[in-house]
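Residue numbering for the sequence shown follows this note's numbering, beginning at 1 and increasing consecutively.
Beta carbons: idealized from backbone N, C-alpha and C, even for Gly.
Predicted model, so just to flag it, every value in this text is computed and none were measured.
Scroll down for the structure; my scribbles are underneath it.
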Amino acid sequence: MSEYDYESLGLVAGLEIHQQLDTETKLFCECPTEIREPSESEHRFTRFLHPTKSELGELDEAALEESRVEREFEYLAYDTTCLVEEDEEPPHRLDEEAREVVLQIASLLDMETVDQAHVMRKLVIDGSNTSGFQRTSLVAQDGEISTSDGPVGVEDLMLEEESAQRVEETEEGVVYSLDRLGIPLVEIGTRPDISSPEQAREAAETIGMLLRSTGTVKRGLGTIRQDVNVSIEDGARVEIKGVQALDQIDEIVRLEVGRQVELLDIRDELDSRDASVGETTDVTDVFEDTESGVVGGAVNSGGKVTAVPLYGFDGLVGREIQPDRRLGTEFSDHAKRHGAGGIFHTDELPAYGVTEAEVADLKEAVGAGDDDAVAIVAADAETAELAIEAVAERAETALDGVPEETRGANEDGTTRYLRPLPGAARMYPETDVPPVELDESEVETPELLTEKVERYQSEFGLGPGLAEQVAYGRRMPLFEQAVSEGIDATFAAGLLESTMTELRRDDVPVENVTEDHLLDVMRLVEDDELAKEGVNDVLETVAEDPTLTAEEAIEEAGLSGVSEEEVREAVSGVVERNEGQVKEEGMGAFSALMGEAMGALRGRADGEIVSDVLREEIQKRA
Numbered sequence: 001m002s003e004y005d006y007e008s009l010g011l012v013a014g015l016e017i018h019q020q021l022d023t024e025t026k027l028f029c030e031c032p033t034e035i036r037e038p039s040e041s042e043h044r045f046t047r048f049l050h051p052t053k054s055e056l057g058e059l060d061e062a063a064l065e066e067s068r069v070e071r072e073f074e075y076l077a078y079d080t081t082c083l084v085e086e087d088e089e090p091p092h093r094l095d096e097e098a099r100e101v102v103l104q105i106a107s108l109l110d111m112e113t114v115d116q117a118h119v120m121r122k123l124v125i126d127g128s129n130t131s132g133f134q135r136t137s138l139v140a141q142d143g144e145i146s147t148s149d150g151p152v153g154v155e156d157l158m159l160e161e162e163s164a165q166r167v168e169e170t171e172e173g174v175v176y177s178l179d180r181l182g183i184p185l186v187e188i189g190t191r192p193d194i195s196s197p198e199q200a201r202e203a204a205e206t207i208g209m210l211l212r213s214t215g216t217v218k219r220g221l222g223t224i225r226q227d228v229n230v231s232i233e234d235g236a237r238v239e240i241k242g243v244q245a246l247d248q249i250d251e252i253v254r255l256e257v258g259r260q261v262e263l264l265d266i267r268d269e270l271d272s273r274d275a276s277v278g279e280t281t282d283v284t285d286v287f288e289d290t291e292s293g294v295v296g297g298a299v300n301s302g303g304k305v306t307a308v309p310l311y312g313f314d315g316l317v318g319r320e321i322q323p324d325r326r327l328g329t330e331f332s333d334h335a336k337r338h339g340a341g342g343i344f345h346t347d348e349l350p351a352y353g354v355t356e357a358e359v360a361d362l363k364e365a366v367g368a369g370d371d372d373a374v375a376i377v378a379a380d381a382e383t384a385e386l387a388i389e390a391v392a393e394r395a396e397t398a399l400d401g402v403p404e405e406t407r408g409a410n411e412d413g414t415t416r417y418l419r420p421l422p423g424a425a426r427m428y429p430e431t432d433v434p435p436v437e438l439d440e441s442e443v444e445t446p447e448l449l450t451e452k453v454e455r456y457q458s459e460f461g462l463g464p465g466l467a468e469q470v471a472y473g474r475r476m477p478l479f480e481q482a483v484s485e486g487i488d489a490t491f492a493a494g495l496l497e498s499t500m501t502e503l504r505r506d507d508v509p510v511e512n513v514t515e516d517h518l519l520d521v522m523r524l525v526e527d528d529e530l531a532k533e534g535v536n537d538v539l540e541t542v543a544e545d546p547t548l549t550a551e552e553a554i555e556e557a558g559l560s561g562v563s564e565e566e567v568r569e570a571v572s573g574v575v576e577r578n579e580g581q582v583k584e585e586g587m588g589a590f591s592a593l594m595g596e597a598m599g600a601l602r603g604r605a606d607g608e609i610v611s612d613v614l615r616e617e618i619q620k621r622a
C-alpha cells in the first residue's frame, strides 16, 4: 500500500509497552521467575472460567464474547509452582524488588508517583490467568518522553502480574504453562500524541532504552510486547496487541491506516448502493450432493450450512484491505472466533469444489441477485449458527465503516480480529492485597544507557562501537560487576561481547554458560590463574558441561597454569627446533615462532610472558 498523508487523515496513535522485570521472585509469591520447559511439568489441572460483574455491576463486552465459546483450560505446573499460582491460596504482599524497579522506571519517565498503590483485579477469562483476572496496580502518571517529532506524553505506569504462557490449542480448549504466570510486568501507556509510523517506532525505542537502563528487565523473545492503538479521523480506535519486534511497529501503523482507509472506501461504496445485510438462514439443502470436501464433510457428519445474504456487497467482500487480507478475511476471523474453520463467499465462488450451479441455487435460496454477495459457514449445527451470526454482525459494521476492536499482530505486519475493545466494566478492587505506600525518594534514578556509552569510553577507554555493544547488551550488569571488582574493562567487554559472539558462530552452545561462569573466568584471568589465550577453551568446556565450575573446566581442558620454568623449557624447545631460521632471520622469526610456542603451551601461559621469554631465547641464538 502507498504512503499516506497522515496529517490530513488525522492519524492518532498511542503505545502500551509491556515489559517483564528480571526480579528474583514473582509479584505475589516467593516462586522464582524462571522459565521452564513444558516437558518438565510435574502435574496438570483444568479449569473452566466465566465472566463476573465489575464493582459497578456491569459485564465487560470482551469477556462476555469470550464466554460464548466454552473451552477447557489445562495448566502445566512445576516444582517451582505454588498454591498462589494455582489460585488455591490468596496472593502475598507486593514484591519489594519489583516495587523498587518500577519506581526507578517512573523516575526515568519523569512521572508523578501515586502515594499508595492499590491492587485491582482486571477480568481476563481467556484462560491466561487461573483466577480469571489479572492483578494490576497504578504506580505513576503524567510523564513524558522526547522524540524528534515532539514530546509524547506518558499517561500511566502500571505494575501487574504476567499471564500464563500459551503452550497449545486442543479440541477441548487451551493448554497453558504456569512458569510465566506472576512474573512482575510493567505496563507503560502513552497518550495519543503519536502522529506518524516513524514516531511510533521512535517512541517505542526510547521507552525500551529507558527500561533497559534499570538493568533489571528480562531480555529475549516474549519478554517485551508492544500494543499499538491506531485511529484516523473518520475511522475508529483499534488496539493491536502482541507486537514483539520494535522494527515492526511502523509497518503495523502504516498497514492499519491503510486498512481503515479501505474500509471507509467500502463503506462509501456500500452507502451508494443502498446495501444491507439480510437474515441468516439454513441452506444445507443446497449442498446435499456437493463435491466440496469442506462443505460436504460438515453436511455428511450431521452438520449445517448456514448463510447470510449481503445485499449490494458484490465484489466488495473480496476486496483487499491489507496485503493478502480482504473484507471476507475479516468476516472469516469472526466466524473462527466462534469455532468455525472459516467462511466461503460468492466473490470467490465457484471454487473449492462448489459448483456454479450450487452458487446459483444458493443465491436463489437467500434471495440474492447479481449485485449481492452471500457468505456461508459449514460446521456442526451450533457452531454454524453462532458463526454466521457473527459474520452478519461484522457485515453490519461494514456499513458504518471501521469497528472499534482489539486485533492481533501477524508476522507480516497485518492484523486479525481478536475481540471487542475492553471497557472499564472489567475492573474491581483486589481485597486480598493491602495497599502499599510508595516513596520515589527511596530509590536512585538509574544511569541512562546513552550515558553509560559515554562513560565507558571516557572512564574505561572502550571504543564507541564496543561501548555501545556492552551498554545495550543483556550482560551490561555483569560488565558493571566485573569492573567494580577491578577486572580490566577492555578484557571484560571483549569477552562478554566479541568472544561470546565468536563462540556462538562456531555453534558452541553458549546459552549453557552462566553469568557465574563468565565472572569466575574473568577473575581467574585477573588473578593469573588462567591465560587469556585459554579463555575460549574453558568456555567451550563449560558450554558442553555446565555442571563444571570454571576451575574444573580449566582442569578438564588441560589448561592448568604452568610455571615460568615450564614456559622457558617449552619456548627453548621451539627455538632449538627452528635454530636455522633464527640464525638467518634473527628477530624476524619472532611472529612465526610465537604462534608455535603458544600452540606448544596450549593456552596455559599468558601471551606476554611467552613473548618475553621467546625474545630472550632468540637473542641468545641470533
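{"Asked": "Nearest-angstrom Cα distance between residue 252 and residue 532?", "Found": "47 Å"}
{"Asked": "Using a Cβ-Cβ cutoff of less than 6 Å, which residues in the same chain neighbour residue 541 once the five nearest sequence positions on both sides are dropped?", "Found": "553, 556, 557"}
{"Asked": "Pull the bridge partners of residue 377 from the DSSP assignment, please.", "Found": "306"}
{"Asked": "Could you pull out every residue in the same chain whose Cβ sits closer than 6 Å to the Cβ of residue 82, ignoring the five residues on either side in sequence?", "Found": "29, 31"}
{"Asked": "With a Cβ-Cβ cutoff of 9 Å, do residue 455 and residue 485 count as a contact?", "Found": "no"}
{"Asked": "Nearest by alpha-carbon distance to residue 314: which of 506, 375, 361 is it?", "Found": "375"}
{"Asked": "Which residues bound the alpha helix (DSSP H) around residue 361?", "Found": "356-366"}
{"Asked": "Assign residue 148 to one of three DSSP states: helix, strand, or coil.", "Found": "coil"}
{"Asked": "DSSP on residue 277, reduced to helix/strand/coil?", "Found": "strand"}
{"Asked": "Between residue 334 and residue 317, how many whole angstroms is the CB-CB distance? I'm expecting something under 8 Å.", "Found": "Not quite, the Cβ-Cβ distance comes to about 13 Å (not below 8 Å), so this is no contact."}
{"Asked": "On the DSSP letters alone, give me the boundaries of the alpha helix (DSSP H) that residue 519 sits inside.", "Found": "515-526"}
{"Asked": "Identify every residue that forms a DSSP beta bridge with residue 428.", "Found": "121"}
{"Asked": "Identify, in the order they occur along the chain, each residue of the same chain with its Cβ nearer than 7 Å to the Cβ of residue 545, setting aside the five sequence neighbours on each side.", "Found": "none"}
{"Asked": "Give the DSSP bridge partners of residue 226, in chain order.", "Found": "17, 243"}
{"Asked": "Assuming residue 267 is part of the alpha helix (DSSP H), what are its boundary residues?", "Found": "249-272"}
{"Asked": "At what residues does the beta strand (DSSP E) containing residue 77 begin and finish?", "Found": "72-77"}
{"Asked": "My understanding is that residue 94 touches residue 436, with C-beta atoms under 8 Å, so please give their C-beta distance in whole angstroms.", "Found": "5 Å"}
{"Asked": "What does the alpha-carbon distance come out to for the pair residue 212 and residue 472?", "Found": "8 Å"}
{"Asked": "So for residue 345, helix, strand or coil by DSSP?", "Found": "strand"}
{"Asked": "Quick test of the definition: if touching needs 3 or more C-beta pairs under 8 Å, does the stretch 259-274 touch the stretch 395-402?", "Found": "yes"}
{"Asked": "Looking only at its own chain, which residues have a Cβ that is under 8 Å from the Cβ of residue 312, when we skip the five neighbours before and after it?", "Found": "270, 273, 274, 275, 276, 371, 372"}
{"Asked": "Here's the rule: buried if 16 or more other CB atoms are within 10 angstroms of the residue's CB, otherwise exposed. What is residue 679?", "Found": "Past the boundaries of the shown model lies residue 679; the chain is included only from 1 to 622, so the question cannot be answered."}
{"Asked": "Closest to residue 147 by C-alpha separation, out of 206, 550, 569, would be which residue?", "Found": "206"}
{"Asked": "What does residue 185 pair with, by DSSP beta-bridge criteria?", "Found": "20, 160"}
{"Asked": "Could you work out which residue in 543, 341, 182 is closest to residue 171 when comparing CA atoms only?", "Found": "341"}
{"Asked": "For residue 418, name the three-state secondary structure that DSSP assigns.", "Found": "strand"}
{"Asked": "Using the Cβ count rule (16 or more neighbours within 10 Å means buried), how would you classify residue 500?", "Found": "buried"}
{"Asked": "Helix, strand or coil, according to DSSP, for residue 114 in the structure here?", "Found": "coil"}
{"Asked": "Locate the beta strand (DSSP E) running through residue 409, then write down its first and last residues.", "Found": "405-409"}
{"Asked": "Which parts of the stretch 286-342 are runs of the beta strand (DSSP E), unbroken and 3 residues or longer, counting only runs that do not cross its ends?", "Found": "304-311, 320-322"}
{"Asked": "With a 10 Å radius around its C-beta and 16 neighbouring C-beta atoms as the bar for buried, classify residue 45 as buried or exposed.", "Found": "exposed"}
{"Asked": "Give the range of the beta strand (DSSP E) segment to which residue 45 is assigned.", "Found": "43-47"}
{"Asked": "Please report how far the alpha carbon of residue 626 lies from the alpha carbon of residue 292, in whole angstroms.", "Found": "The displayed coordinates of the chain run from 1 to 622. Any statement about residue 626 would go beyond what the structure contains."}
{"Asked": "Pop quiz: residue 227 and residue 240 are said to be a contact at Cβ under 8 Å. What is the actual Cβ separation, rounded to whole angstroms?", "Found": "6 Å"}
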